[in-house]
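Trainee:
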Ligand code: MD3
Ligand code: FE
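Residue numbers (full-length UniProt numbering): 10 to 211.
Have a look at this one:
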């Protein structure tokens with residue numbers, strides 16, 4: 010199934026389900042070795058916990074945020090993005106019309122009940138012709154898809170376990186966020202929602 014959301018943006022419900030048996034153990038292993046942390050930003054402490062994989066990881070502090078080649082606590086490089094995740098992102102991008110998507114960053118956002126993400130734009134990447142591919146896992150969330158202006162009224166998209174969304178074209182610069190996640194339970198992930206965003210950061 011292929012649901013157009015805007016020019017350059019499409020929703021692929023359940024697209025990750027066929028590879029979940031490989032994907033979820035690989036992600037669990039990463040999270041055990043690299044526990045997600047609540048990042049500080051100039052706007053305050055985030056309610057989600059984050060970790061990263063790939064050449065560039067997203068880190069924040071009270072002064073700003075940026076892509077970093079090393080982990081904040083150890084100064085070690087981030088682990089590689091597992092092949093199953095790279096291949097899934099490339100396959101989703103191809104379906105949406107981006108045949109050459111090679112992500113160098115995978116941000117992992119872990120949501121508990123009550124976690125949210127305020128409306129924002131993603132502007133820290135170098136090449137806006139490259140899409141962002143997002144994968145939702147675990148309990149559902151209402152994704153808020155706005156427009157080019159912060160004041161554009163967001164459309165609510167219920168994202169479920171296994172859903173993939175490709176954000177390219179004009180939608181790449183649109184405001185977006187996540188409404189406070191409601192308490193729920195998922196057979197594989199328990200009380201959490203995990204979102205992966207795959208990007209070409211540099
Ligand atoms: C639309 N994460 O990490 S993923 C983020 O569910 C972020 O954790 C959310 O926004 C989450 O920056 C949403 C979907 C998403 C990601 C990036 C986008 C949608 C986007 C960039 C432009 C437009
Ligand atoms: Fe974002």
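Positions of the beta carbon are idealized from the N, C-alpha and C atoms, including for glycine. Quick caveat: nothing in here was measured; it's all calculated off a predicted structure.
Roughly how many angstroms lie between the CA atoms of residue 33 and residue 126, to the nearest whole one?
Mentor: Cα-Cα distance, rounded: 23 Å.
Trainee: Can you tell me where the alpha helix (DSSP H) holding residue 52 begins and where it ends?
Mentor: Unbroken run through residue 52: none, as it is neither H nor E.
Trainee: Under the criterion of a Cβ to heavy atom distance below 7 Å, does residue 161 qualify as lining the ligand FE?
Mentor: Incorrect: residue 161 has no Cβ contact closer than 7 Å to the ligand FE.
Trainee: Does residue 29 come out as helix, strand or coil in the three-state DSSP assignment?
Mentor: Helix at residue 29.
Trainee: Less than 7 Å separating the Cβ of residue 195 from some heavy atom of the ligand FE?
Mentor: False, no ligand heavy atom lies under 7 Å from that Cβ.
Trainee: Looking only at its chain, what residues have a beta carbon closer than 7 Å to the beta carbon of residue 79, apart from the 5 residues adjacent to it on each side?
Mentor: Closer than 7 Å at the Cβ level, and outside the excluded window around residue 79, lie 85 and 86.
Trainee: Return the chain-ordered list of same chain residues with a C-beta closer than 7 Å to the C-beta of residue 153, the five sequence neighbours on each side being excluded.
Mentor: Correct list, in chain order: 128, 163, 165, 185, 186, 187 and 188.
Trainee: Does the stretch 88 to 96 come within contact of the stretch 30 to 44, defined as at least 3 CB pairs closer than 8 Å?
Mentor: Touching, per the Cβ criterion.
Trainee: Within its chain, find whatever has a CB closer than 6 Å to the CB of residue 161; leave out the 5 residues flanking it on each side and keep chain order.
Mentor: Only 155 meet the Cβ criterion.
Trainee: Drop a sphere of 10 angstroms on the beta-carbon of residue 212, count the other beta-carbons inside from all chains shown, and report buried for 16 or more, exposed for fewer.
Mentor: The chain is shown only over 10 to 211; residue 212 falls outside these bounds and no answer can be derived.
Trainee: May I ask you to report which of helix, strand or coil DSSP gives residue 85?
Mentor: Coil.
Trainee: Near residue 123, what residues of its chain come up, given a Cβ to Cβ distance below 6 Å and the 5 sequence neighbours on each side ignored?
Mentor: Hits under 6 Å: 189.
Trainee: Tell me which residue opens and which closes the beta strand (DSSP E) that residue 150 is part of.
Mentor: Start and end: 150 to 154.
Trainee: For the alpha helix (DSSP H) that contains residue 97, what are its first and last residues?
Mentor: Its alpha helix (DSSP H) spans residues 92 to 104.
Trainee: Under DSSP, the beta strand (DSSP E) around residue 126 begins and ends at which residues?
Mentor: Taken as a continuous stretch (DSSP letters only), the beta strand (DSSP E) holding residue 126 covers 126 to 129.
Trainee: State the Cα-Cα distance for the pair residue 149 and residue 82, rounded to the nearest angstrom.
Mentor: Cα to Cα, residue 149 sits roughly 31 Å from residue 82.
Trainee: Going by DSSP, what residue range makes up the beta strand (DSSP E) through residue 208?
Mentor: From DSSP, the beta strand (DSSP E) with residue 208 extends over 202 to 208.
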